[in-house]
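Peer 1: Here you go, one structure.
Residue numbers (my numbering): 2 to 96.
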């Protein structure tokens with residue numbers, strides 16, 4: 002399964018080669034699972050020998066995030082929307 006291949010990928014060093022002897026019922030499904038796990042150059046010989054390689058570097062998905070310092074950046078704050086001293090005085094008088 003994919004979880005099994007993920008663990009094997011983790012254990013291999015970069016550019017390490019995995020050879021596995023097992024009966025393969027569906028070549029396409031095994032090759033797809035190997036690819037989804039991160040292996041490259043996957044091939045199956047005689048429905049028994051699975052050979053694949055771990056890439057030199059594994060590219061993980063990355064998501065852009067705003068750092069705490071950037072969250073307070075002046076570009077993100079519209080100065081016109083902020084309360085100024087005049088607004089504060091008007092609020093006090095209305096109470």
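Note that CB positions come from ideal geometry on N, CA and C, so glycine has one too.
With DSSP as the reference, identify every bridge partner of residue 21, one or two as the case may be.
Peer 2: By one-based count along the chain shown, residue 21 stands at place 20. The partner list for residue 21 (beta bridge, DSSP) reads 51.
Peer 1: Taking all protein chains shown into account, do 16 or more other C-beta atoms lie within 10 angstroms of the C-beta of residue 40, making it buried, or fewer, making it exposed?
Peer 2: For the purposes of this step, residue 40 is identified with residue 39 of the chain shown, where counting begins at 1. With 16 or more other Cβ atoms within 10 Å, it is buried.
Peer 1: With burial defined as no fewer than 16 other Cβ atoms inside 10 Å of the residue's Cβ, what is the status of residue 38: buried or exposed?
Peer 2: As a working note, residue 38 is residue 37 in the chain shown. Under this definition residue 38 is a buried residue.
Peer 1: Thinking C-beta only, is residue 83 closer than 7 Å to residue 55?
Peer 2: Counting from 1 along the chain shown, the entry for residue 55 is found at position 54. Counting from 1 along the chain shown, the entry for residue 83 is found at position 82. Their beta carbons are not under 7 Å apart, which means residue 55 does not touch residue 83 by this criterion.
Peer 1: What residue does the alpha helix (DSSP H) around residue 31 start on, and which one ends it?
Peer 2: Your numbering for residue 31 matches position 30 in the chain shown. Run containing residue 31: 28-38, per the alpha helix (DSSP H) assignment.
Peer 1: Taking the straight line between their C-alpha atoms, what separation do you get for residue 5 and residue 79?
Peer 2: By one-based count along the chain shown, residue 5 stands at place 4. By one-based count along the chain shown, residue 79 stands at place 78. Cα to Cα, residue 5 sits roughly 51 Å from residue 79.
Peer 1: Is the CB-CB distance between residue 50 and residue 22 below 7 Å?
Peer 2: Numbered from 1 along the chain shown, position 49 holds the residue referred to as residue 50. Numbered from 1 along the chain shown, position 21 holds the residue referred to as residue 22. A contact, by the Cβ cut-off of 7 Å.
Peer 1: Where do the ends of the beta strand (DSSP E) carrying residue 78 lie?
Peer 2: Here the question's residue 78 lines up with position 77 in the chain shown. Careful: residue 78 lies outside any beta strand (DSSP E) and carries neither H nor E.
Peer 1: Do you know how far the Cα of residue 16 is from the Cα of residue 46?
Peer 2: One-based indexing of the chain shown puts residue 46 at position 45. One-based indexing of the chain shown puts residue 16 at position 15. Roughly 20 Å separates the two Cα atoms.
Peer 1: Just the C-alpha distance for residue 58 and residue 44, rounded to the nearest angstrom, thanks.
Peer 2: Along the chain shown, read from residue 1 onward, the residue named residue 58 stands at position 57. Along the chain shown, read from residue 1 onward, the residue named residue 44 stands at position 43. If you take the alpha carbons of residue 58 and residue 44, they lie about 20 Å apart.
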